[in-house]
Each structure stands twice: as C-alpha cells, then as structure tokens.
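One structure is given here, and the rest of the page talks about it.
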Amino acid sequence: MRVVESGVTPELASGTSSKTASRKSRRRQKKPGPMTPPVQRLFDTCQEVFAHGGAASGAGAGAVPPPEDVARLKSILDDMTGADVGLTRNMPYFRNISSQRAPPITYLHVYECDHFSIGIFCLPPSGVIPLHNHPGMTVFSKLLFGSMHIKSYDWADVPQNPIVQHREARLAKLKTNAVFTAPCETSILYPADGGNMHCFTAMTSCAVLDVLGPPYSDNEGRHCTYYNDFSYASFPGDAALVTGEGEGYAWLEERERPDDVLVVGAKYRGPRIVEH
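Encoded structure:
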C-alpha cells in the first residue's frame, strides 16, 4: 500500500536492547488495534462507491450511486466533526483579518483521483462561496462546525425560451434557503436535483467537508460555472411559465468567476489517509 499523506514513522530510541524491544513489541501486539480514523473510513468507502464500484458498473459523470451506497457515505459523514480532520475554530484559516474586503477562503486538499475528490473549505465569518454548479456530479457536503447559510437551486422542468430580455437566463426552482448549524445532517445533491447549484455564506467560522463524485474536470467537460440569481419577477414577459406569483423560482444567469473571491490552498494536516 501507499501513503498518500506522508507521516512520521515512530522508531525505537537508540540504545534500547533487542530484548526490551521484543517485550515491548509483544505487549503492543496484545493490545487491540486502534479504530480506523473516520477520514480513512470515508476514503475507503469512497473508493468502493465511486472508484471500484463505478469502474465495474461503467459509472461516470451523471451516474448516481445506488441508494444503499449513498446511505453508507452519508452515515460516515453525519458523525464527522472538525476534530476528525484535525481542525479547530482557533486556527488561522477561520480568522477574518480585514473588514474592507471579502475574507479569503482556505481549501484543504485531502485526496483526488479521476473518480472522486475529498476536500475541506475553511470559511471565516462572512466568507462566501458564490452560486455555482456541479455538472454530472453527486456531491456530499458536511458542515463540520459553525453556522452557514445555504441557498440552492435546481433547473426548473418547464418549457422556456433561454433568451429573456436580451439576457441568457434560465429558470430555476429554489431548493434550499436556510441557515444550518453543526451538528447537522450531510447535504446531498445530485446531477439533476437536490440543489445542484448552491451558494455558501458563513455566519460564523465554519468548515465544510466536500466529497465530489466525480470531481471537476475541464478535459471531461465538467466545468465550474458561476451564476447571478434574479427574482422571478425580474422578467415579467415570461410570467406564464409557472403558475401563481413565481414564488420559489428565480432566473440564473451565467457569469465570470467573481474577482473578489479568493480561495487559497493549504496542506491538509489531519489524520493521514492510506491508499490500499
């Protein structure tokens, strides 16, 4: 097996006799082995769900894992906290050092392969991850600690003209618009439902662990697209698309990646993952 994240291997101190070392070794062997860290169990399950199972079944972008596999991953993530990945609220990642601009967001890269990725977003208070999509992906988002406002949409399943008042806007249905506080259940979104387009706003310092299957890939057409959202009443000419006043609907317009969004990478220093 190969160690993905390097670690320090404990060694016997110099001068220890072989007899003493042997006795210590025997004592160690009598003790039950340590429990598998949650992040390792998460990784192992992701391999089975996305990599091994996906390869065997021909799954890829747009393919959703079976419900029992979704439940397996969710059950692991539901119990995870910041401590399971080596994070505490007092780390520098969660400090808002300037009130004059949007605070930087730190991304901790845990693991990525062609089939899935695991990473953690660390947001200071008022940190924002703008509205964006996850094309062809199944995504698990677990709030490890803190409070966060989540707003999410799915594309509305109605006939529509994509050009509205000279704007390229598409009708979407609101899925979530609420504040979540840890501990809470894992959010799951799918390629076509569950809130595939979402926006995160940190109410307090918070950390979100994301599992993406498969991950973004420009080469395979899975680009991250950002959106502006406008109220349904913004384009009255298409008011007949849905009944009522259009409550729960909005128009999403593609935009360039916002200039004021700063995401910086940092080394993941939590429990190491061992790839078998």
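Just so you know, we're using the numbering used here here: the sequence shown kicks off at 1257 and counts up by one. Idealized CB from N, CA, C, for every residue including glycine.
| Item | Value |
| --- | --- |
| Are I1374 and Y1367 touching if we call contact CB-CB under 7 Å? | yes |
| Please name the residue or residues paired with T1457 in a DSSP beta bridge. | V1384 and H1405 |
| List the endpoints of the continuous beta strand (DSSP E) containing D1334. | Taken as a continuous stretch (DSSP letters only), D1334 belongs to no beta strand (DSSP E), being part of the alpha helix (DSSP H) at P1323 to D1334. |
| For the pair the stretch 1347-1365 and the stretch 1484-1491, tell me if three or more CB-CB distances fall below 8 Å. | no |
| Between R1511 and the rest of its own chain, which residues show a CB-CB distance below 7 Å, the 5 nearest in sequence each way excluded? | Y1482, Y1483 and N1484 |
| If you draw a straight line from the C-alpha of F1372 to the C-alpha of I1353, how long is it? | 33 Å |
| Taking C-beta to C-beta, are F1398 and D1410 nearer than 7 Å? | A small correction: the amino acid at residue 1398 is Lys; Phe does not occupy that position in the sequence shown. No; because the gap between Cβ atoms is not below 7 Å, this pair is not in contact. |
| Considering only C-alpha positions, which residue in the set G1504, I1406 and V1467 is nearest to A1307? | V1467 |
| Can you list, in chain order, the residues of its chain with a C-beta nearer than 7 Å to that of R1513? Leave out the 5 residues immediately preceding and following it. | Y1482 |
| Apply the 10 Å Cβ neighbour rule to M1393 and answer buried if 16 or more other Cβ atoms are within range, or exposed otherwise. | buried |
| For D1300, I'd like the list of residues in its chain whose CB is within less than 7 Å of its CB, leaving aside the five on either flank, ordered along the chain. | none |
| Between V1305, R1297, V1326 and E1304, which has its C-alpha nearest Y1446's C-alpha? | V1326 |
| Whole angstroms are fine: how far does the CA of P1391 sit from the CA of R1426? | 15 Å |
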